Amino acid sequence: MNRMSEPDLILASASPRRSALLRQIGVAHRIAAPEIAEVREPRENLEACIRRLALSKARQVRERERASKLPVLGADTAVVLGDEMLGKPADREAALAMLARLEGRSHRVLTAVALVGKHGETLRLARSTVTFRRIDADEIERYWDSGEPVDKAGAYGIQGIAAVFVEKIEGSYSGVMGLPLYETAALLDAAGVPRWLPVALPPGPA
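Add 144 to the 1-based position in the sequence shown for the numbering used here, that's all there is to it.
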């Protein structure tokens, strides 16, 4: 029997990237997307907002899926320029404007991850700084035409074509993708959620 086919966790996210990152560290899980309005409350601190949204997602799915008794992992990611959260672009013009603001400067990416289950509620926050190189208007337009920015916070996906825009990263690469693996593994290990590592391959020729 394939042990990874039996879920030990519910991921409160419809993001294929978060699911892939969980599989990367050997976490058997199933997906149950939350229905949470991802908006910042008036005068709410940015980090407090990201923490609240991640925890709200996990709590909502935990309540909905209580019969399963599985712990629930929620996450929320924000691209932040100054004190402004850059969400998913509404259209082409919004995406081009976001990317024009990000090019040639540094911005922050905040990702909170929350675990809710019989152990209680735990939460961690990853902070990263991403610096973009200079990008001309034609390149920004061609990037939009690729289709990649459509559903991405800040109008870019670091794991895709936009990797060529990144001059440097300080912090968690997986956190910029949407699920900081160091922080996530720490939460899962503390709660006793199994992580099934792949079978070790035999050593190759010297």
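Think of the CB as a built atom: it goes at the ideal place given N, C-alpha and C, for glycine as much as any other residue.
In this text the structure is predicted, and so the values were computed from the model without any measurement.
Span of the alpha helix (DSSP H) holding residue i?
i	result
K201	L190 to R208
R161	P160 to Q168
L240	R236 to L246
S157	Note, S157: premise wrong, no alpha helix (DSSP H); not H, not E.
A334	L325 to A335
Taking the alpha carbon of residue i as the reference point, which residue from the options has its own alpha carbon closest?
i	options	result
L246	Y300, A211 and A234	Y300
K262	V171, E188, R167 and A334	A334
V253	R236, P215, E265 and L230	L230
R268	G226, D227 and I194	I194
V308	D295, R278 and A297	R278
R210	E285, S157, L153 and I169	L153
V310	W288, K232 and R249	R249
E295	R271, A234 and A192	A quick correction: the sequence has Asp, not Glu, at residue 295. Out of R271, A234 and A192, A234 has the C-alpha closest to the C-alpha of D295.
R174	A297, H251, A192 and S157	S157
T273	R286, L225, G304 and P151	L225
Within 10 Å of its beta-carbon, does residue i have 16 or more other beta-carbons around it, so buried, or fewer, so exposed?
i	result
A350	Note that A350 has pLDDT 41, beneath the 50 cutoff, so the model's placement of it is unreliable and the number below is only indicative. The residue is exposed, with fewer than 16 neighbouring Cβ atoms inside 10 Å.
A219	buried
E327	buried
R167	exposed
V183	exposed
G264	exposed
Residue range of the beta strand (DSSP E) that residue i falls in?
i	result
A299	From DSSP, A299 is part of no beta strand (DSSP E); its letter is neither H nor E.
I175	H173 to I175
R252	S250 to G261
Say yes only if the C-beta of residue i is nearer than 7 Å to one or more non-hydrogen atoms of the ligand HEM, and no if none qualify.
i	result
V274	Of ligands this structure carries none, so the ligand HEM is not represented either.
Practice task
Count the CB pairs spanning the stretch 322 to 333 and the stretch 248 to 260 that are closer than 8 Å, and state whether there are at least three.
Solution key: As far as the Cβ criterion goes, the stretch 322 to 333 touches the stretch 248 to 260, which means the pair count is three or higher.
Practice task
Assess, as a yes-or-no matter, whether the stretch 195 to 214 is touched by the stretch 230 to 246 under the definition of 3 or more beta carbon pairs within less than 8 Å.
Solution key: Touching, no.
Practice task
Assess, as a yes-or-no matter, whether the stretch 310 to 321 is touched by the stretch 210 to 218 under the definition of 3 or more beta carbon pairs within less than 8 Å.
Solution key: Too few Cβ pairs lie closer than 8 Å, so no.
Practice task
Mind listing, in chain order, the continuous beta strand (DSSP E) runs of no fewer than 3 residues lying wholly within the stretch 264 to 320?
Solution key: The qualifying runs are 264 to 276 and 310 to 314.
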